[in-house]
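Residue numbers (the working numbering): 243 to 464.
Here a beta-carbon is modelled for each residue, glycine too, at the ideal position from N, C-alpha and C.
Note sheet for the following structure.
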Ligand SMILES: [Zn+2]
Ligand SMILES: [Zn+2]
């Protein structure tokens, strides 16, 4: 009922068939309570590694990445893992969920991210399959970096002045602080074979996406 009202506002209506799908989704994954949505990660990297594209949610804390895997992802049933990309104008919603052999500690992931070159490359090149791995993301300061490490301004560490707040030395560059990062891919992996790219008009046809948008977007609209 609540969603019905909110969605009329958005110009989308829900029918009983979709409610059934939503219940089916909750029913298979968790007997009673809905799966919590987890968005406490910094982004998603897309890398070629072991021949397949890898989808790598980036976690800043190594311990947290270990417990996420151990408590939740480890129990995912590979053929049921779904990743969905819902494209907006400049951003996209990354949505990932799965049936679990341990439903009590299951989580579903979502994050709104800017479209990037890597994202577009994944979209064009995944071929229907990917490996899921977690990555530990660490920011690197100028003093941790090698001379040739690239800053987000695309100039090397050695072109930034340690004596002057790490400012970039190129005249036409407005970068004031060197910033770089390192990603360590964790070895454990799962295989994903259910990958879809959608638009917002399609969300009600996909139970996982529908649940994500209902909880994280439509229920928050005034
Ligand atoms: Zn820079
Ligand atoms: Zn620069």
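Inset, instruction - Kindly indicate which three-state DSSP category residue 315 falls into: helix, strand or coil? - result: The residue labelled residue 315 in the question sits at position 73 within the chain shown. It is helical.
Legend entry - Close beta carbons around residue 417, own chain, < 8 Å, minus the five adjacent residues each side: Taking the chain shown and counting its residues from 1, one reaches residue 417 at position 175. Only 393, 394, 395, 397, 402, 409 and 410 meet the Cβ criterion.
Inset, instruction - Can you tell me which of the three DSSP states residue 391 falls into? - result: Looking up residue 391 in the chain shown gives position 149. Coil at residue 391, not helix or strand.
Inset, instruction - With a 10 Å radius around its C-beta and 16 neighbouring C-beta atoms as the bar for buried, classify residue 383 as buried or exposed. - result: Walking along the chain shown from the start, residue 383 turns up at place 141. Its Cβ having fewer than 16 others within 10 Å, residue 383 is exposed.
Inset, instruction - Give a single yes or no on whether residue 423 has its beta carbon closer than 7 Å to a heavy atom of ligand 2. - result: As a position in the chain shown, residue 423 is number 181, starting the count at 1. Every heavy atom of ligand 2 is 7 Å or more from the Cβ of residue 423, so no.
Inset, instruction - Indicate the three-state DSSP secondary structure (helix, strand or coil) for residue 359 in the structure shown. - result: By one-based count along the chain shown, residue 359 stands at place 117. Three-state DSSP puts residue 359 in a helix.
Legend entry - Where residue 292 falls, given that 16 or more other Cβ within 10 Å makes a residue buried: As a working mapping, residue 292 is identified with position 50 in the chain shown. With fewer than 16 other Cβ atoms within 10 Å, it is exposed.
Legend entry - Test item: CB-CB of residue 372 and residue 289 under 8 Å: As a working note, residue 372 is residue 130 in the chain shown. As a working note, residue 289 is residue 47 in the chain shown. Not in contact: residue 372 and residue 289 (Cβ atoms no closer than 8 Å).
Inset, instruction - Kindly identify the DSSP beta-bridge partner or partners of residue 445. - result: As a first step, residue 445 is located in the chain shown; it is residue number 203 there, counting from the start. DSSP, once it has assigned bridges, lists no residue as partnering residue 445.
Legend entry - 8 Å contact criterion, which residue 323 and residue 376 should meet: CB distance rounded: Locating residue 323 in the chain shown gives position 81, counting from the first residue. Locating residue 376 in the chain shown gives position 134, counting from the first residue. At roughly 14 Å, the Cβ-Cβ gap does not stay under 8 Å, so residue 323 and residue 376 are not in contact.
Legend entry - Any non-hydrogen atom of ligand 1 within 7 Å of residue 420 CB: The residue labelled residue 420 in the question sits at position 178 within the chain shown. Yes, since a heavy atom of ligand 1 falls inside the 7 Å radius drawn around the Cβ of residue 420.
Inset, instruction - List the endpoints of the continuous beta strand (DSSP E) containing residue 296. - result: Along the chain shown, one-based indexing puts residue 296 at 54. Residues 294 to 301.
Inset, instruction - Please name the residue or residues paired with residue 430 in a DSSP beta bridge. - result: Mapped onto the chain shown, residue 430 falls at position 188. Answer is none; residue 430 lacks a bridge partner.
Legend entry - Residues surrounding ligand 2 [beta-carbon distance to nearest heavy atom under 7 Å]: 393, 395, 396, 397, 401, 410, 412, 415 and 417
Legend entry - For residue 337 and residue 366, the rounded distance between their alpha carbons: Within the chain shown, residue 366 is the residue found at index 124, counting from 1. Within the chain shown, residue 337 is the residue found at index 95, counting from 1. Rounded to the nearest angstrom, the two C-alpha atoms are 18 Å apart.
Legend entry - Of the listed residues 315, 301, 342 and 386, nearest to residue 421 (C-alpha basis): Locating residue 421 in the chain shown gives position 179, counting from the first residue. Of 315, 301, 342 and 386, the residue nearest in Cα terms is 386.
Inset, instruction - Identify whether residue 424 lies in helix, strand or coil by the three-state DSSP scheme. - result: Here residue 424 corresponds to residue number 182 of the chain shown, with the count starting at 1. It is a strand residue.
Legend entry - Residue of 379, 317, 359 and 319 minimising C-alpha distance to residue 282: Stepping through the chain shown from its first residue, residue 282 is reached at position 40. Closest by alpha carbon: 379.
Inset, instruction - Alpha carbon to alpha carbon, how far is residue 359 from residue 297? Give it in angstroms, no decimals. - result: Along the chain shown, read from residue 1 onward, the residue named residue 297 stands at position 55. Along the chain shown, read from residue 1 onward, the residue named residue 359 stands at position 117. Those two C-alpha atoms are separated by around 14 Å.
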